[in-house]
Amino acid sequence: MLSHTEFTSYESRSLSSGEDVFVFDLAALVPGTCCQIDHDFAVYLRTFANAKPCYLLTSVSYNELMARLPTSVRKAFRGVFASSGAELWSSDEAVERVEHTFSDDLYEYLVKVVQNSAYPAKDAPLIENGPATLRVCLAGTKASIGQLSTYLTWETEHRELPLIVNELKSKFPDHDVHQDSDTSLLVAPVTMSTSRIHRHITSEHSNARVISCMSRRSANGFAEPFCNALSESDLVTEVGGPSDLSQLMSYEMRRRVTNGLLAAE
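For the sequence shown, our numbering gives the first residue as -13, with consecutive numbering after it.
Here's what the structure looks like:
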């Protein structure tokens, strides 16, 4: 939950007379791995996205996103940047996709990482290949909630993923490597930086201010280049989950009504 100080800071910086464009991180909307969005929160989010230009950013594939957000919510966004921005979707149709061919050396190294893992209950497939991303989940990329829970208990005790991330960063410095969830790590070429997303949004909304609402892991991980590309007038807010977002969206909706009343006077 946002503290009073954090929310007051957001209020003081969110006063803007121009257009605000919002970018939400899937992990902030649906914190749990493999979980679906809360129904009441989904209705509120859809209402907000229909009132203001909103985009969604996620490191997962669009297929996984479809299992976590209903159609009405997905279509309320102006665009969905899936697979760490390698894909742009609108109304459930891919309008842009950037492909990348990973080197054999990287694949071979990841295979060795999987083979050398001490986790005893690995369930293939363990590596998921996106258009410009590779995701590794040692419980299995198609693991059930129960399998992920079992793996998370093991990983919390053994802390194997942070070591793997550091090894990959050292071995392949031309790739971004992040632990994008409690149970998986993500590999993408540095040329596919999420900073591309900022350029797209500003080209579509000139002179608009970008307000990004991110989970801490995303803001410090795969979405960090996007956050770093924002200008001083833009705003990055780290949120703990739907309750924080509801608080911020309620404030923005009230501000919209107030500004409308003032303009009408």
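The beta carbon of each residue, even a glycine, is placed where N, CA and C say it ideally should be.
Straight-line Cα distance separating residue j from residue i
i: Tyr(-4); j: Phe67; result: 25 angstroms
i: Gly116; j: Asp168; result: 19 angstroms
i: Pro17; j: Gly226; result: 8 angstroms
i: Ile258; j: Asp11; result: Because residue 258 is not part of the residues shown, which for the chain are -13 to 251, the question remains open.
i: Thr136; j: Glu146; result: 14 angstroms
i: Ala105; j: Val151; result: It should be noted that the sequence gives Tyr, not Ala, for residue 105. Cα-Cα distance, rounded: 16 angstroms.
i: Val176; j: His161; result: 5 angstroms
i: Leu267; j: Leu172; result: The requested residue 267 is not part of the displayed model; the chain covers only -13 to 251.
i: Pro159; j: Asp26; result: 43 angstroms
i: Ser192; j: Phe(-7); result: 27 angstroms
Buried/exposed call for residue i, threshold 16 Cβ in 10 Å
i: Cys123; result: buried
i: Tyr93; result: exposed
i: Ile183; result: buried
i: Arg32; result: buried
i: Ala37; result: exposed
i: Leu247; result: Residue placement at Leu247 cannot be trusted, given a pLDDT of 38 that sits under 50; the coordinates are not used to answer.
i: Ala14; result: buried
i: Ser(-11); result: exposed
Cutoff 6 angstroms; reference residue i; Cβ partners in own chain excluding five residues on either side
i: Gln22; result: Arg54
i: Ala249; result: With a pLDDT of only 41 at Ala249, under 50, the local geometry of the prediction cannot be trusted, and no value is derived from it.
i: Cys40; result: Phe8, Phe63
i: Arg202; result: Glu224
Proximal residues to residue i (C-beta, below 7 angstroms), its chain only, five neighbours per side dropped
i: Ser47; result: Ala68, Ser69, Gly116
i: Leu112; result: Val100, Val122, Cys123, Leu124, Gly126, Thr127
Per DSSP, cross-strand counterpart(s) of residue i
i: Arg121; result: Glu114, Leu172
i: Gly65; result: Tyr41
Cutoff 8 angstroms; reference residue i; Cβ partners in own chain excluding five residues on either side
i: Val99; result: Val122, Ile150, Glu153, Leu154
Kindly provide the ranges of any alpha helix (DSSP H) runs that are 4 or more residues long and lie completely inside the region 135 to 203, ordered along the chain. Counting whole runs of 4 or more residues, the region 135 to 203 contains the alpha helix (DSSP H) stretches 146 to 157, 181 to 190.
What are the start and end residues of each continuous beta strand (DSSP E) run of 3 or more residues lying completely inside the region 77 to 104, in chain order? Counting only runs of 3 or more, we get 79 to 83.
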